[in-house]
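Engineer: Right, I'll just put the structure down here and ask away after.
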Amino acid sequence: MAHLAEPAAEAGKAAEAANAADRSAPRGPERRGRGRTLRSRFNPAYLFVAPALLLAAVFIVWPIIQSGWMSLHDWTIGDDSHKWLGFGNYTELFHDSRFWNSLKVTLVYAVFVVVGQVAIGLALAQWLRRTTWYTMLLRSAFFFPTIASLAVTGIVWKFLLDPQVGLVDGWLGKLGFHAQAWLQDTHLALPALIAVGIWKNFGFSMIVLLAGVQGVSKELLEAATLDGAGAVARFRHVTLPALRPAILFCVVIGTVNALQLFDLTYVMTDGGPLFHTESIVMYLYQRGFVDFRLGYASAIAWVLFLIIIAVSVVQLRMLRYRDDD
4 MAHLAEPAAE
14 AGKAAEAANA
24 ADRSAPRGPE
34 RRGRGRTLRS
44 RFNPAYLFVA
54 PALLLAAVFI
64 VWPIIQSGWM
74 SLHDWTIGDD
84 SHKWLGFGNY
94 TELFHDSRFW
104 NSLKVTLVYA
114 VFVVVGQVAI
124 GLALAQWLRR
134 TTWYTMLLRS
144 AFFFPTIASL
154 AVTGIVWKFL
164 LDPQVGLVDG
174 WLGKLGFHAQ
184 AWLQDTHLAL
194 PALIAVGIWK
204 NFGFSMIVLL
214 AGVQGVSKEL
224 LEAATLDGAG
234 AVARFRHVTL
244 PALRPAILFC
254 VVIGTVNALQ
264 LFDLTYVMTD
274 GGPLFHTESI
284 VMYLYQRGFV
294 DFRLGYASAI
304 AWVLFLIIIA
314 VSVVQLRMLR
324 YRDDD
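FYI, the numbering for the sequence shown is 4 to 328, going by this note's numbering.
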């Protein structure tokens, strides 16, 4: 009888397993519940974001891809042949002395403007950290140049720096200095452009750093004071470390903006004298929309794009490194 009982027991176990599987299978209402769960996971906010994503794809992503394709061709306006060059435009670019000159001008401008605007912004943020009626007035006055367009700023400063009728030479003449051709002198044009760039942008750094200064822990400052630290020591050992993220934010944003210099130099100097203020973007404009070499201009744009990406990554890694410290 034992040899008959074992197959019967195995058949019973198989039947129980089949019943368990049948019980675990989703029933009609349960299936409908899962469908409702999937529908509930769909966020209607996607419908509101979709038009913006579509516009970004059409007007940002697609032009970037197309410019990369154009940079590999001899793509000239009026010539439909679009001859394939591979990296020919890039090879020509790296042997182009005018490109290297524009790169040097852009880097010099970026370094001095970023350092100047952050240093002045930090000093003003520390000075105007207390909220009173006159600090509010001064903050507004210092921030005002930031909201003015670069084209308007360039026109105003071109008039102010004019050696014949400009106010700057008029004031310097009263102090006994000779009039200077600020924008026509090869030694003065770029420094004048840098000074205007700093004046235009330090208000932005001031506002960002002011928010950081006002967020510094008062308990830490009071503890440092009780330990005998002076104003300079408190600023160096308490305020400045707390402002490190805000400072590097200003540096990254300022660098990206400075590397795209175009409006100021186009309005104030037109790249002169003798290309001493010609930036990369202005050289790109000359090649693309004056010489109509769109393929070559696209190669310049991609090199500038890679430079901006590289500089931003280095600065962000510096921020992470400092935070890890």
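In this text, a Cβ means the ideal position worked out from N, Cα and C, and glycines have one as well.
Computed from a predicted structure; not experimentally measured.
1. With DSSP collapsed to three states, give me the class of threonine 138.
2. Rounded C-beta distance between isoleucine 80 and leucine 297? I'm assuming under 8 Å.
3. In the DSSP output, what is arginine 296 paired with across the bridge?
4. The alpha helix (DSSP H) with glycine 119 in it runs from where to where?
5. Using DSSP bridges, identify the partner residues of tryptophan 160.
6. How long is the line joining the alpha carbons of alanine 60 and isoleucine 68, rounded to whole angstroms?
7. Assuming the contact rule is C-beta atoms closer than 8 Å, methionine 307 and isoleucine 283 should be a hit. Round their C-beta distance to whole Å, please.
8. What residue range does the alpha helix (DSSP H) around valine 254 cover?
9. Mark tryptophan 103 as exposed unless 16 or more other C-beta atoms lie within 10 angstroms of its C-beta, in which case mark it buried.
10. May I ask you to list the residues that DSSP assigns as paired with tryptophan 87?
11. How far does the alpha helix (DSSP H) with glutamine 217 in it extend, from its first residue to its last?
12. Just curious, the alpha helix (DSSP H) that leucine 223 is in, first and last residue?
13. Let me know the secondary structure DSSP gives glutamine 187 once reduced to three states.
14. Let's test the definition: count the other Cβ atoms within 10 Å of the Cβ of glycine 200 and tell me whether it reaches 16, buried, or not, exposed.
15. Is it the case that the region 234-246 contacts the region 147-154, given that we only count it when at least three CB pairs across the two stretches are under 8 Å?
16. Who are the Cβ neighbours of phenylalanine 90 in its own chain at under 8 Å, not counting the five residues just before and after it?
17. So, is serine 301 buried or exposed, given that buried needs 16 or more other C-beta atoms within 10 angstroms?
18. Alpha carbon to alpha carbon, what distance is there between phenylalanine 146 and phenylalanine 205?
19. When the distance is taken between beta carbons, is arginine 132 closer than 7 Å to valine 216?
20. Put phenylalanine 45 into one of helix, strand or coil per three-state DSSP.
21. Which of helix, strand or coil does DSSP assign to valine 314?
22. Looking at the secondary structure, which residues open and close the alpha helix (DSSP H) in which threonine 268 lies?
Structural biologist: Well, looking at it:
1. One-based indexing of the sequence shown puts residue 138 at position 135. It is helical.
2. Within the sequence shown, numbered from 1, the residue matching residue 80 stands at position 77. Within the sequence shown, numbered from 1, the residue matching residue 297 stands at position 294. Rounded, the Cβ-Cβ distance is 6 Å, consistent with contact.
3. As a working mapping, residue 296 is identified with position 293 in the sequence shown. Thr79, per the DSSP bridge assignment.
4. Residue numbering aside, residue 119 sits at position 116 when the sequence shown is read from its first letter. Start and end: 100-130.
5. Position 157 of the sequence shown, counted from the start, is the residue given in the question as residue 160. Per DSSP, none; premise fails for tryptophan 160.
6. Numbered from its first residue, the sequence shown carries residue 60 at position 57. Numbered from its first residue, the sequence shown carries residue 68 at position 65. Answer to the nearest angstrom: the Cα atoms are 10 Å apart.
7. Here residue 307 corresponds to residue number 304 of the sequence shown, with the count starting at 1. Here residue 283 corresponds to residue number 280 of the sequence shown, with the count starting at 1. The sequence as given places leucine at residue 307; methionine does not occur at that position. Right, their Cβ atoms sit about 5 Å apart.
8. Taking the first residue of the sequence shown as 1, we reach residue 254 at position 251. It spans 247-262 - the alpha helix (DSSP H) in which valine 254 sits, taken as one unbroken run.
9. For the purposes of this step, residue 103 is taken as residue 100 along the sequence shown, with counting starting at 1. Answer is exposed; the Cβ neighbour count stays below 16.
10. The residue you call residue 87 lines up with position 84 of the sequence shown. According to DSSP, tryptophan 87 bridges with His76.
11. Within the sequence shown, the letter at position 214 stands for residue 217. Note, glutamine 217: alpha helix (DSSP H), 192-217.
12. The residue given as residue 223 occupies position 220 in the sequence shown. Start and end: 221-229.
13. Taking the sequence shown and counting its residues from 1, the one referred to as residue 187 is at position 184. In the structure shown, glutamine 187 sits in coil (DSSP, three-state: anything other than H, G, I, E or B).
14. Taking the first residue of the sequence shown as position 1, residue 200 is located at position 197. By the 10 Å Cβ count, glycine 200 comes out buried.
15. no
16. Counting from 1 along the sequence shown, the entry for residue 90 is found at position 87. Excluding residues within five positions, the ones whose Cβ falls inside 8 Å are Leu75.
17. Counting from 1 along the sequence shown, the entry for residue 301 is found at position 298. Its Cβ being crowded by 16 or more others within 10 Å, serine 301 is buried.
18. Residue mapping note: residue 205 aligns to position 202 of the sequence shown, counting from 1. Residue mapping note: residue 146 aligns to position 143 of the sequence shown, counting from 1. Each residue's Cα considered, the two are about 8 Å apart.
19. As a position in the sequence shown, residue 216 is number 213, starting the count at 1. As a position in the sequence shown, residue 132 is number 129, starting the count at 1. Yes, the pair counts as a contact, with Cβ atoms nearer than the cut-off.
20. To locate residue 45, count along the sequence shown from 1; it is residue 42. It is coil, neither helix nor strand.
21. Stepping through the sequence shown from its first residue, residue 314 is reached at position 311. Valine 314: helix per DSSP, three-state reduction.
22. Position 265 of the sequence shown, counting from 1, holds the residue named residue 268. Where threonine 268 is concerned, the enclosing alpha helix (DSSP H) stretches over 266-271.
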